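All remarks here apply to the structure that follows.
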Amino acid sequence: MLDSIDFLLQALLEEGRIDEGTARQAMTLAEAERIEPGEALLKLDAIDERGLALCRAWVYEYTFVDLDKFDIDQHNAHLIPARLARSIGAFPLFVCDDIATVALRNPLDLSAIDALNQTLRRQVEPVICDAAKLDALIEQAYTLADLGGGATASDEENVGSLTTGDEPIVAAVNQILRAAAETNASDVHINPDDRRLHLRYRVDGVLVPQQGPDLAVHSSLVQRLKVMASLDLTQTRRPQDGKFRFTHRDQRIDVRLSILPTVYGENVVMRLLRPASQIGSIDDLLMTPEDSSTFVEMVGKPHGILLVTGPTGSGKTTTLYTALGHLNRPERNIMTIEDPVEIRLPLIRQIQVNHEIGLNFASALRSILRQDPDVVLVGEIRDEETARIAVQSALTGHLVLSTLHTNDAVSSITRLRDLGVPSFAIGNSLLGVVAQRLVRRVCAECGVDERPAPTLLEPLGIHDEGGMFRVGRGCPACGTTGFKGRVGVFEILRVTRALQEVIDSGGTADDLRRVAEREGMSSMLQDGIRKAKLGITGLSELTRLNAAIEPELAMPTPKAA
Numbered sequence: 003m004l005d006s007i008d009f010l011l012q013a014l015l016e017e018g019r020i021d022e023g024t025a026r027q028a029m030t031l032a033e034a035e036r037i038e039p040g041e042a043l044l045k046l047d048a049i050d051e052r053g054l055a056l057c058r059a060w061v062y063e064y065t066f067v068d069l070d071k072f073d074i075d076q077h078n079a080h081l082i083p084a085r086l087a088r089s090i091g092a093f094p095l096f097v098c099d100d101i102a103t104v105a106l107r108n109p110l111d112l113s114a115i116d117a118l119n120q121t122l123r124r125q126v127e128p129v130i131c132d133a134a135k136l137d138a139l140i141e142q143a144y145t146l147a148d149l150g151g152g153a154t155a156s157d158e159e160n161v162g163s164l165t166t167g168d169e170p171i172v173a174a175v176n177q178i179l180r181a182a183a184e185t186n187a188s189d190v191h192i193n194p195d196d197r198r199l200h201l202r203y204r205v206d207g208v209l210v211p212q213q214g215p216d217l218a219v220h221s222s223l224v225q226r227l228k229v230m231a232s233l234d235l236t237q238t239r240r241p242q243d244g245k246f247r248f249t250h251r252d253q254r255i256d257v258r259l260s261i262l263p264t265v266y267g268e269n270v271v272m273r274l275l276r277p278a279s280q281i282g283s284i285d286d287l288l289m290t291p292e293d294s295s296t297f298v299e300m301v302g303k304p305h306g307i308l309l310v311t312g313p314t315g316s317g318k319t320t321t322l323y324t325a326l327g328h329l330n331r332p333e334r335n336i337m338t339i340e341d342p343v344e345i346r347l348p349l350i351r352q353i354q355v356n357h358e359i360g361l362n363f364a365s366a367l368r369s370i371l372r373q374d375p376d377v378v379l380v381g382e383i384r385d386e387e388t389a390r391i392a393v394q395s396a397l398t399g400h401l402v403l404s405t406l407h408t409n410d411a412v413s414s415i416t417r418l419r420d421l422g423v424p425s426f427a428i429g430n431s432l433l434g435v436v437a438q439r440l441v442r443r444v445c446a447e448c449g450v451d452e453r454p455a456p457t458l459l460e461p462l463g464i465h466d467e468g469g470m471f472r473v474g475r476g477c478p479a480c481g482t483t484g485f486k487g488r489v490g491v492f493e494i495l496r497v498t499r500a501l502q503e504v505i506d507s508g509g510t511a512d513d514l515r516r517v518a519e520r521e522g523m524s525s526m527l528q529d530g531i532r533k534a535k536l537g538i539t540g541l542s543e544l545t546r547l548n549a550a551i552e553p554e555l556a557m558p559t560p561k562a563a
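Numbering (our numbering), first residue to last: 3 to 563.
And the structure:
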């Protein structure tokens, strides 16, 4: 074995991948700590895990398999015992007839191959993988495969780090949350049906299926989550909501848990909320210079109401929190009423809605106004009473930030009218409206320039042929999707004197839109086209955005951007 390891260093030395000094250091460290020289190279930062795996594959003449590029069936864990898999560092990737392709930490370990032959009763074809990713695959697969029994209230505190629990179900829940955090998922869905349990992560706004546990452990998983969120373990026939917190890689992540009974059992959705440190500056929103200037001007006003609008999951909370971060100074008293408080912000007084005791947006807003606030954030204007009090607050010297669920900026004005707010009060209190959606970013690792066909451009109103757009080819960094991360596209309506006159006169939505466009408002689609031309997002995301907008709002198509 030592000779073969020395051969690896010698080969790397001859190829110029390491120098003699590094080779000597690796051998000295390997002898001192009784580890392989390859592992010593990792400790010396002379090579990374992937580089070491590629070198081993080249030197030993074995195939290298990039685990990120294959959909590995984790149920293959049943083919070999967990103890053997963990001790020799092996996992069966593919089984075809009498041949098993097995990822093996050390393919030169003949005793390991013999053990695999006897266990699998097939011809073993060893391949080399990134060792860290192989270890992660083994841990995840066997954590889910080893499930049995339920969780009890004494298993673990509902606030803590994701350490491996004594019970397999505890380890399985921890593994699900850990993997969600690793993939930067915003939501985790655990959905039972009549034959299987579906596990899905929402990543960059898209639900991505994952390999999860069997349906037989569904009730145990739900019980474990109820324990973590301090919910009623005996109640399975009514909805329950709760929250808990865990720490992953020194980052605190709050989880909002929703459990809903269905015909196949309790459906689970968890929202993962990152800390306030991830809230950036207004520049990080990537608005156009004109829109950014308008936004800064509006949030800098001493009084009035600013609305952010869009459907659920469109990034409204991020935009509002960014505005609060911009305003947050010791000399300002900023108070919020939210349902729920998603991210805790320093210095700002945040209040959680509690319907059980009658603490709703309207009642809390009345109390907040007696706390001498300068800036008030109302999580959402849902009813006539909240709308009336918010507008009155804006008219009496407070800056009010809030959200509405409307499809575009102009519709917010008609929505306020529907909630019983008089047109003259809207015109005198409303500073502006930010309508927005989220589109996915083209992956920085695999994005390439491409000239699209005119048939892809014309439906979006892009007529300047010959332009280049970015397309993600798909890589391990983006999970082969071609996209990584999201960015907002915005439509900012500023209430100018001309627009105020139309509002006061009870103008229709079409009247309002015509005046707003004449005053300089550009649509979300136009902002998306600008970001696509800059290589930030892709045409497929613009097509999806266009389809999400009401036809009467999307047509006619915008002028060439």
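No residue lacks a Cβ here, since even glycine has one placed at the ideal position from N, Cα and C.
Just so you know, these numbers come straight off a predicted model, no measurement behind them.
*According to DSSP, which residues form a beta bridge with I494?*
Within the sequence shown, the letter at position 492 stands for residue 494. Paired residue(s): V436.
*Compare the Cα-Cα distances from P342 to each of E386, R273, I336 and report the closest residue.*
In the sequence shown, the residue the question calls residue 342 occupies position 340. The candidate whose alpha carbon is nearest that of P342 is R273.
*Going by the CB atoms, is the gap between L69 and L122 shorter than 9 Å?*
Here residue 122 refers to the residue found at position 120 when the sequence shown is read from its first residue. Here residue 69 refers to the residue found at position 67 when the sequence shown is read from its first residue. Their beta carbons are not under 9 Å apart, which means L122 does not touch L69 by this criterion.
*From G244 to M230, what distance separates their C-alpha atoms?*
Along the sequence shown, one-based indexing puts residue 244 at 242. Along the sequence shown, one-based indexing puts residue 230 at 228. Rounded to whole angstroms, G244 to M230 spans 9 Å at the Cα level.
*So V378 packs on V402, CB below 8 Å; how close in whole Å?*
By 1-based counting over the sequence shown, the position of residue 378 is 376. By 1-based counting over the sequence shown, the position of residue 402 is 400. Rounded, the Cβ-Cβ distance is 5 Å, consistent with contact.
*Assign M523 to one of two classes, buried (16 or more other C-beta atoms within 10 Å of its C-beta) or exposed (fewer than that).*
Working through the sequence shown from its first residue, we reach residue 523 at position 521. Flag for M523 reads buried.
*Measuring CB to CB, does V298 end up less than 9 Å from Q438?*
Looking up residue 298 in the sequence shown gives position 296. Looking up residue 438 in the sequence shown gives position 436. V298 is not a Cβ neighbour of Q438, given a cutoff of 9 Å.
*Cut-off 6 Å between Cβ atoms - residues of its own chain near T338, not counting five sequence neighbours on either side*: Taking the first residue of the sequence shown as position 1, residue 338 is located at position 336. Around T338: Q352, L379.
*Which term fits V265, buried or exposed, when burial requires 16 or more other beta carbons within 10 angstroms of its beta carbon?*
Sequence index remark: in the sequence shown, residue 265 carries index 263 (1-based). Counting the other CB atoms within 10 Å of its CB gives V265 a total below 16, which places it among the exposed residues.
*Distance, Cα to Cα, V175 vs E17?*
Residue mapping note: residue 175 aligns to position 173 of the sequence shown, counting from 1. Residue mapping note: residue 17 aligns to position 15 of the sequence shown, counting from 1. For V175 and E17, the distance between alpha carbons rounds to 46 Å.
*Collapsed DSSP secondary structure at F426 in the structure displayed*: Looking up residue 426 in the sequence shown gives position 424. The three-state reading of DSSP puts F426 in helix, counting H, G and I together.
*asked:* Could you compute how far the alpha carbon of G282 sits from the alpha carbon of R346?
replied: Residue 282 sits at position 280 when you count from the first residue of the sequence shown. Residue 346 sits at position 344 when you count from the first residue of the sequence shown. In this structure, the CA atom of G282 is about 14 Å from the CA atom of R346.
*Buried versus exposed, by CB contacts within 10 Å (16 or more), R107*: Looking up residue 107 in the sequence shown gives position 105. Label assigned to R107: buried.
*May I ask you to report which of helix, strand or coil DSSP gives P94?*
For the purposes of this step, residue 94 is taken as residue 92 along the sequence shown, with counting starting at 1. Note: P94 maps to strand in three-state DSSP.
*Between the C-alpha atoms of M300 and D293, what's the straight-line distance to the nearest angstrom?*
Counting from 1 along the sequence shown, the entry for residue 300 is found at position 298. Counting from 1 along the sequence shown, the entry for residue 293 is found at position 291. Spanning the two alpha carbons is a distance of roughly 10 Å.
*Please determine, among L432, D234, P83, the residue with the shortest C-alpha to C-alpha distance to L308.*
Indexing the sequence shown from 1 puts residue 308 at position 306. For L308, the closest C-alpha among the options L432, D234, P83 is that of L432.
*Do G490 and G267 have their C-beta atoms within less than 9 Å of each other?*
Along the sequence shown, read from residue 1 onward, the residue named residue 490 stands at position 488. Along the sequence shown, read from residue 1 onward, the residue named residue 267 stands at position 265. No; because the gap between Cβ atoms is not below 9 Å, this pair is not in contact.
*Residue range of the unbroken beta strand (DSSP E) whose run includes M272*: Along the sequence shown, one-based indexing puts residue 272 at 270. Where M272 is concerned, the enclosing beta strand (DSSP E) stretches over 267–275.
*Assuming Q502 contacts G434 under a Cβ cut-off of 8 Å, what Cβ separation, rounded to an integer in Å, is found between them?*
For the purposes of this step, residue 502 is identified with residue 500 of the sequence shown, where counting begins at 1. For the purposes of this step, residue 434 is identified with residue 432 of the sequence shown, where counting begins at 1. So it is not a contact: roughly 11 Å between Cβ atoms.
*For A102, does the three-state DSSP call read helix, strand or coil?*
Residue numbering aside, residue 102 sits at position 100 when the sequence shown is read from its first letter. In this structure, A102 counts as strand in the three-state DSSP scheme.
*Could you tell me how far apart the beta carbons of V441 and G530 are, in whole angstroms, since I believe they sit closer than 8 Å?*
Here the question's residue 441 lines up with position 439 in the sequence shown. Here the question's residue 530 lines up with position 528 in the sequence shown. In this structure V441 touches G530 by the C-beta definition: roughly 6 Å separates them, less than 8 Å.
_Closer than 8 Å is the cut-off here; do at least three beta carbon pairs connect the segment 472–492 with the segment 440–454?_
Yes, the segment 472–492 is in contact with the segment 440–454.
*Going by C-alpha distance, which of S260, A427, L179, K535 is nearest R254?*
For the purposes of this step, residue 254 is identified with residue 252 of the sequence shown, where counting begins at 1. When each option's Cα is compared against that of R254, the closest is L179.
*Look at F426 and T388 and say whether their C-beta atoms are less than 9 Å apart.*
Locating residue 426 in the sequence shown gives position 424, counting from the first residue. Locating residue 388 in the sequence shown gives position 386, counting from the first residue. In terms of Cβ geometry, F426 and T388 do not form a close pair [threshold 9 Å].
*Does the segment 508–516 come within contact of the segment 395–414, defined as at least 3 CB pairs closer than 8 Å?*
With the cut-off at 8 Å, the segment 508–516 and the segment 395–414 touch.
*For M523, name the three-state secondary structure that DSSP assigns.*
One-based indexing of the sequence shown puts residue 523 at position 521. Judged by DSSP in its simplified three-state form, M523 adopts coil rather than helix or strand.
_Proximity below 9 Å, CB of S222 to CB of I261_ = Stepping through the sequence shown from its first residue, residue 222 is reached at position 220. Stepping through the sequence shown from its first residue, residue 261 is reached at position 259. For S222 and I261, no; Cβs fall outside 9 Å.
*Do L235 and L259 have their C-beta atoms closer together than 9 Å?*
Here residue 235 is taken as the residue at index 233 of the sequence shown, counted from 1. Here residue 259 is taken as the residue at index 257 of the sequence shown, counted from 1. By the CB criterion at 9 Å, L235 and L259 fall outside the cutoff.
*asked:* Spatial neighbours of L15 within its chain, please: C-beta separation below 7 Å, excluding the five flanking residues on both sides.
replied: Taking the sequence shown and counting its residues from 1, the one referred to as residue 15 is at position 13. Counting only Cβ-Cβ distances below 7 Å, and skipping sequence neighbours, we find E22, A25.
*Going straight from the alpha carbon of D374 to that of L406, what length do you get?*
To locate residue 374, count along the sequence shown from 1; it is residue 372. To locate residue 406, count along the sequence shown from 1; it is residue 404. Computed Cα separation, rounded: 25 Å.
*Take G381 and list the residues in its own chain whose beta-carbon comes closer than 8 Å to its own, dropping the five residues that flank it on each side.*
Position 379 of the sequence shown, counting from 1, holds the residue named residue 381. Closer than 8 Å at Cβ, skipping near neighbours: T338, I339, E340, D341, V355, F363, S404, T405.
*Which residue's Cα is closest to the Cα of L209: Q225, N186, I101?*
Taking the sequence shown and counting its residues from 1, the one referred to as residue 209 is at position 207. That would be N186, whose Cα lies nearest to the Cα of L209.
_Length at least 4, wholly inside the segment 199–278: the alpha helix (DSSP H) runs in chain order_ = Taking 4 residues as the minimum length, the alpha helix (DSSP H) runs contained wholly in the segment 199–278 are 220–230, in order along the chain.
*asked:* Classify Q225: buried if its beta carbon has 16 or more other beta carbons within 10 angstroms, exposed otherwise.
replied: Here residue 225 refers to the residue found at position 223 of the sequence shown. Counting Cβ neighbours within 10 Å, Q225 comes out buried, since at least 16 surround it.
*Per DSSP, cross-strand counterpart(s) of D21*: Working through the sequence shown from its first residue, we reach residue 21 at position 19. D21 pairs with nothing; no bridge assigned.
*asked:* Rounded to the nearest angstrom, what separates A518 and A173 at their Cα positions?
replied: Position 516 of the sequence shown, counting from 1, holds the residue named residue 518. Position 171 of the sequence shown, counting from 1, holds the residue named residue 173. C-alpha separation (whole angstroms): 55 Å.
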